[in-house]
Amino acid sequence: MNLWAPLDPKNIQDPFPMYAVLRQKAPIYKSQTGEWIISRYADVKEILKDPDFKSGNKLEWINRGITYFKNKGEDLSHIAVAINSFLLLINPPEHTRIRKFINSVWDNKEVDQLILENIDTLLNTKKRFKTIDIVDDFAKPLPNMTICKIMGISISHYERLSVLSNNLVKVLNLYNSFKDLVRIDAAAQSLISLFKELLETKKNNPGNDLISKLITGNDGEPEPLSDEALISIFIFLFIAGQETTIGLISTGLLHLSQHPDQLKELIRKPELAPRAVDELLRYDGPVHLLGRIAARDTQFDGQHIREGDAVTLCLASANRDDQYFENPDLLDISRHPNRHIAFGSGIHFCLGDWLAKRQGTLAIGKFIEIYPKYHIPDQTPQWNDNLSIRTIRHLSCSI
Ligand code: HEM
Numbered sequence: 000m001n002l003w004a005p006l007d008p009k010n011i012q013d014p015f016p017m018y019a020v021l022r023q024k025a026p027i028y029k030s031q032t033g034e035w036i037i038s039r040y041a042d043v044k045e046i047l048k049d050p051d052f053k054s055g056n057k058l059e060w061i062n063r064g065i066t067y068f069k070n071k072g073e074d075l076s077h078i079a080v081a082i083n084s085f086l087l088l089i090n091p092p093e094h095t096r097i098r099k100f101i102n103s104v105w106d107n108k109e110v111d112q113l114i115l116e117n118i119d120t121l122l123n124t125k126k127r128f129k130t131i132d133i134v135d136d137f138a139k140p141l142p143n144m145t146i147c148k149i150m151g152i153s154i155s156h157y158e159r160l161s162v163l164s165n166n167l168v169k170v171l172n173l174y175n176s177f178k179d180l181v182r183i184d185a186a187a188q189s190l191i192s193l194f195k196e197l198l199e200t201k202k203n204n205p206g207n208d209l210i211s212k213l214i215t216g217n218d219g220e221p222e223p224l225s226d227e228a229l230i231s232i233f234i235f236l237f238i239a240g241q242e243t244t245i246g247l248i249s250t251g252l253l254h255l256s257q258h259p260d261q262l263k264e265l266i267r268k269p270e271l272a273p274r275a276v277d278e279l280l281r282y283d284g285p286v287h288l289l290g291r292i293a294a295r296d297t298q299f300d301g302q303h304i305r306e307g308d309a310v311t312l313c314l315a316s317a318n319r320d321d322q323y324f325e326n327p328d329l330l331d332i333s334r335h336p337n338r339h340i341a342f343g344s345g346i347h348f349c350l351g352d353w354l355a356k357r358q359g360t361l362a363i364g365k366f367i368e369i370y371p372k373y374h375i376p377d378q379t380p381q382w383n384d385n386l387s388i389r390t391i392r393h394l395s396c397s398i
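Sequential numbering from 0 applies to the sequence shown in numbering that gives the first Met the number 0.
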């Protein structure tokens, strides 16, 4: 019997029963497509921390695809340039160096004011309306506007950047057709030229924003990164927190509306918002699946994983493991401690967790403060059919 069907519409709608069966019957499961599916908390965490399970050969694989198409006269080389220094796709020692560099210059973590201004702008424009779409009108534009301000990008670029980054991020999907790749390459080309222009402008006239700090910090490095590498870093920092934060805010507001007792408690005690956000990340965080490649043969819980095997780690399943969490299927906004792994673990642990949590806390907190009686009529909304990053398409809501 096949226990792993991530594309089955039933599992797209609600994957948790599938995860529960896996945890119980086959926690290290070889899927029909050959990859290993890991669903228990302890195992997922162990693999995330094990240097012999690498972030994968995606970069190499994409570069091979690009060479293949080049031989057929199709140029997709912008993709390779754009993603060349994506932290998620690289391994030590290059990964360690770039991560350390970003951390050393990204020192201003006081973001509340600018997030609140953005929330105000978005919700104020909706004051005259009786309904809003939580995804389109709120969760989608907010992270984009915030990262624009952090990086020192004019807000007038934000809609264009949103479309381009949505197209480029698809490069991280497991499968892409040639048509997809052409669209991704076009987005990569536009993003490169946009960020190149920003690089030149800020080189001549640095500000107090993240892009300027990365440029100035890089100049002071013993072996500075190339402009190409810097541009790839800008692009990744821009796109890494988009879809994920959209998921946190919209899925979070959906689950709260489905748990009126928890919503009422949060309205009564707004100081619980940071814990509520951690609980929403544990209960149904936006990143359900991560991929790794085994770098050597290994025995894992009695199964023989071979060098080169692909491994899929189910973060969302691990976060519902009753061996680790008490009453894991219960949404409890006061849960503490709450050592979920919605942001991963080990060397690739999310670099923007603090920003995601602040943005989630302020967005959800403000939304329920302004619209405490919000009502979502469709309690089974359509989910995007990608379990790796699980987000809702639209979420109409009466306010
Ligand atoms: C709710 C929102 C978010 C979630 C659930 C999330 C989740 C994750 C996860 C699970 C990883 C690890 C991937 C892996 O191990 O393969 C990751 C990595 C990363 N995230 Fe986030 N993320 C969120 C928001 C953000 C934001 C706002 C930023 C800010 C720019 C960000 C930047 C990054 C970066 C740069 C990495 C790569 C780190 C590395 O490879 O060393 N994320 N994120």
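Yeah, the Cβ is synthetic: ideal placement off N, Cα and C, and Gly gets one too.
Helix, strand or coil for Leu141, going by three-state DSSP, please let me know.
-> helix
For Arg357, three-class secondary structure by DSSP = helix
Is it true that the CB of Pro285 sits closer than 8 Å to the CB of Leu247?
-> yes
In chain order, what residues of the same chain have a beta carbon less than 6 Å from the beta carbon of Thr360, not counting five sequence neighbours either side?
-> Ala272, Pro273 and Val276
Among Gln23, Gln31 and Met0, the one whose alpha carbon lies nearest that of Thr311 | If we check each option's Cα against that of Thr311, Gln31 comes out closest.
Between Phe235 and ligand 2, is the CB less than 7 Å from at least one heavy atom?
-> Among the ligands in the structure shown, ligand 2 does not appear; only ligand 1 can be found there.
Reducing DSSP to helix, strand and coil, say where Ile340 ends up.
-> coil
Taking contact to mean at least 3 C-beta pairs separated by less than 8 Å, is the segment 219-226 in contact with the segment 109-121?
-> no
Could you pull the start and end residues of the beta strand (DSSP E) that Tyr67 belongs to?
-> From DSSP, Tyr67 is part of no beta strand (DSSP E) but of the alpha helix (DSSP H) over Lys57 to Asn70.
Mind checking Ser54: buried by the 16 CB within 10 Å criterion, or exposed?
-> buried
Could you pull out every residue in the same chain whose Cβ sits closer than 6 Å to the Cβ of Phe85, ignoring the five residues on either side in sequence?
-> Phe235
What number of angstroms, rounded off, separates the C-alpha of Ile406 from the C-alpha of Thr390?
-> Here the chain comprises residues numbered 0 to 398, so residue 406 is not present and cannot be evaluated.
Determine which residues share a DSSP beta bridge with His374 and list them.
-> Ser397
Is the Cβ-Cβ distance between Leu401 and Ile82 less than 8 Å?
-> Here the chain has residues from 0 to 398 only, and residue 401 is not among them.
Classification of Val95 by the beta-carbon crowding that lies within 10 angstroms, buried from 16 upward = Checking the sequence, you will find Thr at residue 95 rather than Val. By the neighbour-count rule (16 or more Cβ atoms within 10 Å), Thr95 is not buried but exposed.
Cβ shell of Lys169 (< 7 Å), same chain only, five flanking positions each side left out = Asn175, Asp179 and Ile183
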